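Read top to bottom, the protein sequences are chains A and B. Just so you know, we're using this note's numbering here: the first sequence kicks off at 1 and counts up by one. Just so you know, we're using this note's numbering here: the second sequence kicks off at 193 and counts up by one.
Protein chains: 2
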Amino acid sequence: MESEKKRKIMEAATRSFAIFGYKATTIDQIAKIAKVGKGTIYLYFTTKEDILKGIINDIAQKMRDVANESIIPDHSFITNFNAALSGIVEFREKHELTIKLFQEVKELGTPAVVDALQSLEIEICDFIESKIINAIERGEIRECNPKITAFLMFKMYINLVNDWKDRYEPLPKEEVSNLINMYFMEGLAKHK
Amino acid sequence: MESEKKRKIMEAATRSFAIFGYKATTIDQIAKIAKVGKGTIYLYFTTKEDILKGIINDIAQKMRDVANESIIPDHSFITNFNAALSGIVEFREKHELTIKLFQEVKELGTPAVVDALQSLEIEICDFIESKIINAIERGEIRECNPKITAFLMFKMYINLVNDWKDRYEPLPKEEVSNLINMYFMEGLAKHK
DNA sequence: AAGATGACCATAAATGTATTTTGGTCATTT
DNA sequence: AAATGACCAAAATACATTTATGGTCATCTT
């Protein structure tokens with residue numbers, strides 16, 4: 001049971017964080033946008049960082065929803081993996097907030113934001129891990145350490161989507177899918 | 193033909209950078225350690241950053257040597273890959289300089305150091321790339337984009353050796369080799 | 001004459017200080 | 001009982017002053 005006030009505060013904070021960044025957003029500003037008194041905010045959140053954590057939690061939940069929606073039970077694990085991650089990335093791109101926060105981490109390294117994004121990363125990895133455990137149980141993929149595998153799959157996605165484009169031309173989404181599929185599922189060895 | 197003086201300057205700079213970091217090292221300090229006049233340094237290097245670049249170039253060369261030494265022609269591509277990277281990492285760990293520089297990038301983000309380490313990363317990737325091209329030509333591994341493959345192999349190594357330990361227990365070197373071998377060469381698919 | 005040098009300088013970084021802003025509280029109001 | 005905004009300590013900012021540093025070059029050495 002989430003109060004109307006709390007939702008308004010979170011929406012206001014989300015908008016302000018997305019436009020000005022976390023550090024540059026003041027509690028007074030959030031209160032003003034949300035049209036509540038400053039003190040009211042502290043009825044629902046203990047600190048400014050707590051507001052950010054609440055928002056990130058919401059985002060993680062939405063990401064899980066988006067991913068789950070794009071998963072089709074009949075399709076293979078890797079197909080679903082690509083579809084889900086593609087959905088998440090699209091969602092993330094739409095959501096100016098995460099872009100702004102990533103930028104803030106790079107430029108300012110604001111500790112609260114670093115922590116928040118790291119916890120988001122962990123939640124995504126945990127989600128992937130649960131799907132991997134599932135796929136192993138169903139016999140869809142080989143036995144492997146699900147935590148390490150989830151970590152590496154997530155990192156490879158970030159490497160291809162974010163890091164590669166810092167040095168060369170960005171890779172089209174289609175190619176990212178193909179590459180993850182090739183390296184992770186098939187491997188480089190020549191299977192006879 | 194490298195002059196004796198130039199070598200002395202580079203050695204002095206290497207030692208000082210390794211102990212105090214790039215930013216905290218002054219030209220006067222380098223001159224003092226190298227036992228040359230300050231002006232002498234500027235006969236061989238145009239700027240302070242130029243000294244760092246020279247040192248990094250030397251390291252890259254040494255890394256290539258170490259890697260090439262640990263490669264055994266008869267062994268498989270992936271075995272040699274692991275041996276070479278393992279050799280480089282050991283070399284790097286011994287070399288306090290690179291550790292200090294990585295630390296400085298994380299903590300201070302000193303631009304000159306960021307640039308220098310990035311160029312080192314590119315050189316390592318180029319080296320791996322050349323070995324991959326070789327392996328494809330010899331028919332040891334499947335056809336693939338050598339540049340992307342080199343990039344991803346390097347990144348996976350960094351992910352496993354550096355990033356994983358920020359969150360969980362560090363992985364033993366042996367396991368890193370096994371993991372890279374498993375994911376990159378074999379893949380998760382169940383090959384019959 | 002060619003190589004080497006350190007006093008010297010402009011500028012950048014560090015330090016100190018005054019001023020403003022901001023996260024968080026709580027007595028008062030609704 | 002819920003909501004509020006004036007209020008406060010602490011942090012961030014801005015500014016002035018001092019110090020440190022990268023790089024130069026006239027002079028010195030060989």
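Just so it is clear, CB atoms sit at the ideal spot from N, CA and C, and this is done for glycine as well. Bear in mind the structure is a predicted one, so any value in this text is a computation, not a measurement.
Taken atom to atom, the span from the alpha-carbon of Tyr234(B) to that of Leu309(B) is near 23 Å.
Shown here, Asp115(A) sits in a helix according to DSSP, grouped into three states. At a Cβ-Cβ threshold of 7 Å, Lys190(A) and Arg359(B) do not count as neighbours. At a cut-off of 7 Å between C-beta atoms, Arg64(A) does not count as an interface residue with respect to chain B. Taking each of Ile78(A), Asp126(A), Ile51(A) in turn and checking the Cα distance to Val113(A), the smallest one comes out for Ile51(A).
Under the 10 Å beta carbon count, Thr218(B) is surrounded by fewer than 16 other beta carbons and is classified as exposed. Close to Asp126(A), with beta-carbon spacing below 8 Å, lies no residue of chain B; the smallest spacing is near 12 Å.
DSSP places Arg330(B) outside any alpha helix (DSSP H), giving it a letter other than H or E. Contact of Phe20(A) with chain B by beta-carbon distance below 7 Å is absent, the smallest such distance being about 22 Å. Taking the Cα positions, Glu241(B) is about 28 Å away from Val353(B). Within the same chain, Cβ atoms closer than 7 Å to the Cβ of Val258(B) are found at Gly279, Ile280, Phe283, the five residues on either side in sequence being excluded. Counting along the chain, the unbroken alpha helix (DSSP H) around Phe343(B) starts and ends at 338-350. Excluding sequence positions up to five before and after Ser70(A), its CB lies within less than 6 Å of the CB of Ala83, Ala84, Gly87, all in the same chain and listed in chain order. Secondary structure of Gly301(B) (DSSP, three-state): coil. Ala252(B) and Phe319(B) have their C-alpha atoms roughly 10 Å apart.
In the three-state scheme derived from DSSP, where H, G and I count as helix and E and B as strand, Asp220(B) is classed as helix. Residues of the segment 331-348 of chain B with a Cβ closer than 7 Å to any Cβ of chain A, in chain order: Ile333, Arg334, Cys336, Ile340, Phe343, Leu344, Lys347, Met348. Looking at the backbone, the Cα of Lys5(A) and that of Asp74(A) are separated by about 42 Å. Listed in chain order, the non-local C-beta contacts of Glu129(A) below 6 Å within the same chain comprise Pro146, Lys147, Ala150, local neighbours out to five positions each way being set aside. The beta carbon of Ala381(B) sits closer than 7 Å to some beta carbon of chain A. In the structure shown, Ala189(A) adopts coil according to DSSP, grouped into three states. Here Leu363(B) carries a coil assignment [DSSP, helix/strand/coil]. One thing to note: Ala18(A) has its Cβ no nearer than 7 Å to the Cβ of Ile30(A). In this structure, DSSP gives Gly87(A) a helical state, which the three-state scheme calls helix.
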